[in-house]
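*Asks:* Sharing a structure here in structure tokens format.
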Amino acid sequence: IRLDSDSPRRLPALFTRPMHFDLDKRSLHLSAGEFSEFTLGPRERGEGAAGLWRAQLGTHWHRELRASTTEADPKAEFEVVVAGAIFHRGWTFHLNGRIDQRQHADGRFTVREIKTVLRTLPADETELRTEFPAYFLQLACYVSLLRVEDPATSLSGELLFVEADSGLSQRVSLALVDEARFRAQLERIATFLGQRVEARERLRSLRIRPAFADYRPGQADALERLDSALATRPAPVLFEAPTGFGKTGILLEAALRRLREGSLERLIYLTSKSTGQLQVVSTLRSMTDAGAEPSDPASPPPSIWVVRPKSEHCINDRFLCHRELCAYLRDGPRRWEKSGAVRLILDPALPRDLPAIKAVGAEGLICPYEITRAALPCADIWVGDFNYVFSPSVRALFFDQPGFDPARTLLIVDEAHNLPSRAADTHSFRYDGVAQEVLFDALRSQRGAQVLSRALEQWTHFLRHLPASHSLKLADEEDARALVAEAVRLLPITPLDYTSLGPECSDELSRLAGLSESLASHADLPRLWWSPSAGQLAVTCLDAAPAIGEILREFGAVVLASATIGSTQEFAAALGLDSFDARAEPLSVLVAAAPEAPRVQAASGAPPDRLGTLTKRDTKRLFRQITSGAELLRVEEAKEASTVSLVRASAPWREGAYDVAVDLRVDTSFQHRELHRATTARTLLRWHEARGRDAPGLAVFFPSYAYAESILEELGARGGGLQVSLQPRQSELLAQTAWIERALQSADALFLVLGSSFAEGIDLLGGRVSRAMVVGPALPEVNPVQHAKMAELASLGRAVSFRRVYQAPGMQKVNQALGRMVRAPGQHAKVLLHCRRFADPAYAALLAPEYRSTLALGDDAALDRWIGA
2 IRLDSDSPRR LPALFTRPMH FDLDKRSLHL SAGEFSEFTL GPRERGEGAA
52 GLWRAQLGTH WHRELRASTT EADPKAEFEV VVAGAIFHRG WTFHLNGRID
102 QRQHADGRFT VREIKTVLRT LPADETELRT EFPAYFLQLA CYVSLLRVED
152 PATSLSGELL FVEADSGLSQ RVSLALVDEA RFRAQLERIA TFLGQRVEAR
202 ERLRSLRIRP AFADYRPGQA DALERLDSAL ATRPAPVLFE APTGFGKTGI
252 LLEAALRRLR EGSLERLIYL TSKSTGQLQV VSTLRSMTDA GAEPSDPASP
302 PPSIWVVRPK SEHCINDRFL CHRELCAYLR DGPRRWEKSG AVRLILDPAL
352 PRDLPAIKAV GAEGLICPYE ITRAALPCAD IWVGDFNYVF SPSVRALFFD
402 QPGFDPARTL LIVDEAHNLP SRAADTHSFR YDGVAQEVLF DALRSQRGAQ
452 VLSRALEQWT HFLRHLPASH SLKLADEEDA RALVAEAVRL LPITPLDYTS
502 LGPECSDELS RLAGLSESLA SHADLPRLWW SPSAGQLAVT CLDAAPAIGE
552 ILREFGAVVL ASATIGSTQE FAAALGLDSF DARAEPLSVL VAAAPEAPRV
602 QAASGAPPDR LGTLTKRDTK RLFRQITSGA ELLRVEEAKE ASTVSLVRAS
652 APWREGAYDV AVDLRVDTSF QHRELHRATT ARTLLRWHEA RGRDAPGLAV
702 FFPSYAYAES ILEELGARGG GLQVSLQPRQ SELLAQTAWI ERALQSADAL
752 FLVLGSSFAE GIDLLGGRVS RAMVVGPALP EVNPVQHAKM AELASLGRAV
802 SFRRVYQAPG MQKVNQALGR MVRAPGQHAK VLLHCRRFAD PAYAALLAPE
852 YRSTLALGDD AALDRWIGA
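The numbering of the sequence shown is my numbering, which starts it at 2 and goes up by one.
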């Protein structure tokens with residue numbers, strides 16, 4: 002959670018799935034609370050995180066008022082469940098809820114809702130209606146449902162506001178204006194549903210232009226196979242296509258076909274690169290814009306919205322997202338209708354890039370992030386980062402949208418090879434004792450936070466005295482868990498002034514709550530508790546596969562695209578797609594097990610995965626669970642839906658485009674690279690001298706900055722006139738592109754780091770750099786996290802665990818970097834794999850087929866012949 006009033010991150014108890022509707026049946030199901038809070042504009046969270054504390058006091062006052070009401074009226078009813086259907090404009094609203102109190106006197110029922118507030122009472126009734134409109138809508142909803150149930154009954158409604166601190170109360174009766182607002186809310190939701198019907202019809206009449214004027218060899222075949230896989234199987238599809246193949250266009254064309262046929266109603270396209278997101282939007286518009294060609298019939302395009310991080314939306318000089326401190330958040334709902342945000346959302350012809358959104362927000366005094374939030378329910382295609390689906394802290398922005406249903410959504414994850422590490426990062430946390438001490442000092446000065454501050458004092462003391470260690474002792478880990486759990490338990494029942502706390506301290510509290518939530522909701526994820534240095538605690542997720550697989554299975558269709566899938570089995574395992582629920586195990590698998598298989602104890606009511614030598618009790622339990630042909634069919638369908646399929650695109654134009662040789666003269670492993678540093682420098686100089694100054698540039702890929710800097714130092718000591726440009730340590734896209742352009746014109750060699758955005762995310766090398774030298778595989782650094790991962794996979798054997806933890810990630814970076822060298826027909830690259838490990842079968846098998854080579858250079862003469870060829 003983020004402890005401010007406008008964030009999508011909340012405690013689990015406050016997270017609810019959005020309303021569900023069926024456009025064909027023209028019906029929807031939602032609770033009275035969801036009905037009353039429905040809005041497509043900025044959401045007025047009111048008391049924000051303080052509302053958590055208010056809810057605790059509210060429970061207390063509910064009990065007090067229940068006791069006093071029972072004493073005055075023994076026949077009063079409490080927690081009355083009500084449900085029914087209300088018809089409006091051809092839509093059936095199935096509503097339900099729970100009424101706090103219902104009293105009967107003098108032939109008249111009185112429905113009472115009790116609401117605890119932090120403001121001072123009594124207050125003007127008009128002011129209360131303006132500040133708490135959802136409360137009056139909820140009460141009007143209950144009264145309307147009871148009137149539908151029994152039209153002859155005389156009903157009245159009242160809200161009982163209770164001041165949280167003192168218990169002072171104020172009654173406000175339901176008025177005609179509240180019932181008018183109830184009908185207006187029905188109209189508002191019906192209008193939204195009508196827009197979704199129009200959107201569906203718009204998609205069904207969608208005119209799709211091919212992503213390419215002329216398909217390259219292999220593209221048309223890849224499109225048809227991907228389209229067939231999506232149309233015939235519910236299981237996730239792995240789509241492998243080399244860099245430069247046109248993967249984005251193929252993915253989007255197949256996705257638009259699914260939207261047009263109506264099998265799915267929304268597309269989510271995830272990519273971690275901002276340039277990739279812009280490319281997706283550009284490609285979509287070229288494929289769907291109406292009237293792009295005179296011969297094309299007019300067809301309204303789909304509505305597309307790109308979601309950038311919240312901080313990038315901010316108009317203020319400083320990102321401080323709190324309602325009390327930001328003029329764009331305060332009273333936003335009241336300015337919404339008069340701002341230009343509504344027109345921007347509903348008119349796909351208007352520019353929707355971030356500068357345009359911020360301009361509309363600045364003009365209408367509306368938070369630009371709230372514009373994006375409000376736009377998503379009306380958009381057919383959402384484009385954003387991995388986090389909006391896979392990060393527990395921000396995924397509510399997508400999943401909490403009205404009408405969003407993953408089962409009716411196509412999810413495309415581009416650059417999916419990065420997903421396992423990115424997802425693991427969202428379940429990893431790090432805490433510093435100094436920062437926690439600042440938080441403790443800030444809490445100590447707040448009235449009413451003494452109990453929480455004492456809990457934070459113990460947590461801070463624990464951190465400040467934590468020595469550096471590769472793994473916490475079990476006792477220390479248990480202490481850390483207990484201290485965090487106690488602090489998070491106290492958090493929602495403590496009245497905090499988050500404005501005075503400031504963003505840094507609020508974020509520290511948020512991360513504590515995030516760790517507690519992750520431990521509770523994903524207890525199955527393996528984690529390493531360790532201390533990188535004295536006074537610090539790191540909780541590192543070693544494998545997020547179970548969490549990834551759980552999310553992927555929610556979607557109606559999934560495509561995971563990458564240029565470097567490699568082993569399908571290992572790739573699926575890394576994404577949690579290598580198994581499915583044991584309760585869906587097909588009977589054919591159970592009865593086919595070997596007779597000598599050991600007995601398997603069924604757990605949680607699930608049948609064992611094989612019969613083996615079962616007792617009579619186990620056998621009866623098994624056949625009680627699987628007894629019908631329909632159940633067997635369901636089980637087989639579940640297995641099919643959990644088994645990934647692979648579509649591997651062929652690119653004939655890449656065959657023979659790489660001239661690769663393996664340099665056996667050096668060993669670039671960390672233990673031996675210093676011995677061969679001079680040889681590496683001489684190799685670069687020889688290649689430069691042999692090819693001449695007018696030859697295209699040379700890209701040299703290193704496992705780390707330190708290695709690249711050591712070779713640069715060696716070259717400087719030798720002279721030779723080789724002009725080298727070393728990749729700068731920066732991440733801004735414009736700066737990266739500018740450096741590449743300068744280096745290609747002024748330098749003889751570009752020193753790049755494997756795994757960085759320069760090696761994987763910059764698409765400017767293809768056709769401009771035709772020579773590359775890879776100075777060793779980029780194996781991950783040996784550290785406590787990698788040791789823990791090895792231990793986690795120890796049951797598979799050292800060879801397999803070493804391959805998964807070290808070799809596969811390292812060689813994947815090599816494949817990614819070399820894929821940037823040839824991106825179009827006619828391009829060629831001469832590649833030197835500068836380490837004898839590349840000839841080792843264990844490493845060579847992990848290279849993409851086009852980079853494998855049997856040409857081994859054992860001496861300087863062989864190198865000279867290859868360079869001159």
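Backbone N, C-alpha and C fix where the C-beta goes; we use that ideal spot for every residue, glycine too.
1. Scan the region 83–129 and note each continuous beta strand (DSSP E) run of 3 residues or more that stays entirely inside, going in chain order.
2. Pick out the complete alpha helix (DSSP H) segments inside the region 187–242, 4 residues or longer, and give them in chain order.
3. Is Ile316 helix, strand or coil by DSSP?
4. Output needed for Pro243: all residues of its chain with C-beta closer than 7 Å, excluding positions within five of it in sequence on either side, in chain order.
5. Does DSSP put Arg584 in a helix, in a strand, or in coil?
6. For Ala773, I'd like the list of residues in its chain whose CB is within less than 8 Å of its CB, leaving aside the five on either flank, ordered along the chain.
7. Please classify Ala535 as buried or exposed, where buried requires at least 16 other C-beta atoms within 10 Å of its C-beta.
8. How should His677 be labelled, buried or exposed, when 16 other C-beta atoms within 10 angstroms of its C-beta is the threshold for buried?
9. Any heavy atom of the ligand PLP closer than 6 Å to the CB of Gly811?
10. Could you work out which residue in Arg90, Val238 and Asn97 is closest to Val82 when comparing CA atoms only?
11. So, for Pro123: in the same chain, excluding its five sequence neighbours on each side, which residues have a beta-carbon less than 7 Å away from its beta-carbon?
12. From the DSSP output, in three-state form, read off Thr427 for me.
13. Could you say which of Glu114, Leu755, Glu266 and Val144 lies nearest to Tyr136 if we only look at CA atoms?
14. Buried or exposed: which applies to Leu665, given that a residue is buried once 16 or more other Cβ atoms fall within 10 Å of its Cβ?
15. Just confirm the distance between the C-beta atoms of Leu543 and Pro527, as a whole number of angstroms; I'd bet it's less than 8 Å.
16. Within its chain, find whatever has a CB closer than 6 Å to the CB of Gly158; leave out the 5 residues flanking it on each side and keep chain order.
17. Which residue or residues does DSSP assign as beta-bridge partners of His30?
18. Taking 8 Å as the limit between beta carbons, can you name the residues of its chain near Arg482, skipping five residues before and five after?
19. Return yes when the Cβ of Gly42 is within less than 7 Å of the Cβ of Trp337, no when it is not.
20. Pick from Ala436, Ala795, Gln724 and Val149: whose alpha carbon is nearest that of Cys506?
21. Look up Gly515 in the DSSP assignment and say whether it is helix, strand or coil.
22. Comparing alpha-carbon positions, which option in Asp101, Pro850, Leu271 and Leu119 lies nearest Val559?
23. By the three-class DSSP mapping on this structure, what secondary structure does Leu411 have?
24. Please determine if the region 566–578 and the region 231–243 are in contact, where contact requires at least 3 C-beta pairs separated by less than 8 Å.
25. In three-state terms, what does DSSP make of Asp508?
26. Drop a sphere of 10 angstroms on the beta-carbon of Asp381, count the other beta-carbons inside from all chains shown, and report buried for 16 or more, exposed for fewer.
27. Given a cut-off of 7 Å, decide if Ser392 and Val661 are closer than it, judged by their beta-carbon atoms.
28. For Ala593, I'd like the list of residues in its chain whose CB is within less than 6 Å of its CB, leaving aside the five on either flank, ordered along the chain.
29. Between which two residues does the beta strand (DSSP E) carrying Lys831 extend?
30. State the DSSP-derived secondary structure class of Leu647, mapped to helix, strand or coil.
31. Can Val806 and Gln787 be called in contact, C-beta distance under 7 Å?
32. Look up Phe400 in the DSSP assignment and say whether it is helix, strand or coil.
33. Thinking C-beta only, is Asp668 closer than 7 Å to Arg445?
34. Using 7 Å as the threshold, is the C-beta distance between Arg27 and Gly91 below it?
35. With contact counted as at least three CB pairs below 8 Å, one residue from each stretch, are the region 348–362 and the region 392–409 in contact?
36. Where does Val590 sit, in a helix, a strand or coil, going by DSSP?
*Replies:* To lay it out plainly:
1. List check, beta strand (DSSP E) in window: 92–106 and 109–118.
2. With a minimum length of 4 residues, the unbroken runs of alpha helix (DSSP H) contained wholly in the region 187–242 fall at 220–233.
3. Coil, per DSSP.
4. For Pro243, where only same-chain residues beyond five positions count, the Cβ hits under 7 Å are Ala564, Ala652, Arg655 and Gly820.
5. Reliability fails at Arg584, whose pLDDT of 35 lies under 50, so the model's placement of it is uncertain and no value is given.
6. The answer, listed in chain order, is Leu699, Ala700, Val701, Phe702, Ala818, Leu819, Met822, Ala830, Lys831, Val832 and Leu833.
7. Per the 10 Å Cβ criterion, exposed.
8. Here His677 is buried. Its C-beta has 16 or more other C-beta atoms within 10 Å.
9. Ligands displayed in this structure: none; no statement on the ligand PLP is therefore possible.
10. Closest by alpha carbon: Asn97.
11. For Pro123, same chain residues with a beta-carbon under 7 Å away, outside a window of 5 residues either side, are Gln171 in chain order.
12. In this structure, Thr427 counts as helix in the three-state DSSP scheme.
13. When only C-alpha atoms are compared, the closest one is Glu114.
14. Under this definition Leu665 is a buried residue.
15. Indeed they touch by this definition, with Cβ atoms about 4 Å apart.
16. Taking C-beta separations shorter than 6 Å and ignoring five residues to either side along the sequence, the partners of Gly158 in its chain run Val112, Leu140, Val144 and Leu175, following chain order.
17. Note: His30 sits in a beta bridge opposite His21 and His95.
18. If we look at Arg482 and ignore the five residues flanking it on each side, its Cβ neighbours are Leu520.
19. Between Trp337 and Gly42, the gap from beta carbon to beta carbon is short of 7 Å.
20. Closest by alpha carbon: Ala436.
21. Gly515 falls in the helix class under three-state DSSP.
22. Of the listed residues, the one whose Cα sits closest to Val559 is Leu271.
23. It is a strand residue.
24. Remark: three or more beta-carbon pairs, one from each stretch, lie closer than 8 Å, so the region 566–578 and the region 231–243 are flagged as touching.
25. DSSP places Asp508 in helix when its eight states are reduced to three.
26. With 16 or more Cβ atoms within 10 Å of its Cβ, Asp381 is classed as buried.
27. No; because the gap between Cβ atoms is not below 7 Å, this pair is not in contact.
28. Caution applies to Ala593, whose pLDDT of 31 falls short of 50 and renders its modelled position unreliable; the value that the coordinates give is listed next. Within the same chain, Ala593 has no close Cβ partners at all.
29. Its beta strand (DSSP E) spans residues Ala830 to Leu834.
30. DSSP places Leu647 in strand when its eight states are reduced to three.
31. Their beta carbons are under 7 Å apart, which means Val806 touches Gln787 by this criterion.
32. Helix at Phe400.
33. No, these two residues do not count as a Cβ contact at 7 Å.
34. Yes.
35. Taking one beta carbon from each stretch, the region 348–362 and the region 392–409 have fewer than 3 pairs nearer than 8 Å; the two do not touch.
36. Note on Val590: pLDDT 31, under 50, position unreliable in the model; the coordinate value appears next. Three-state DSSP puts Val590 in a helix.
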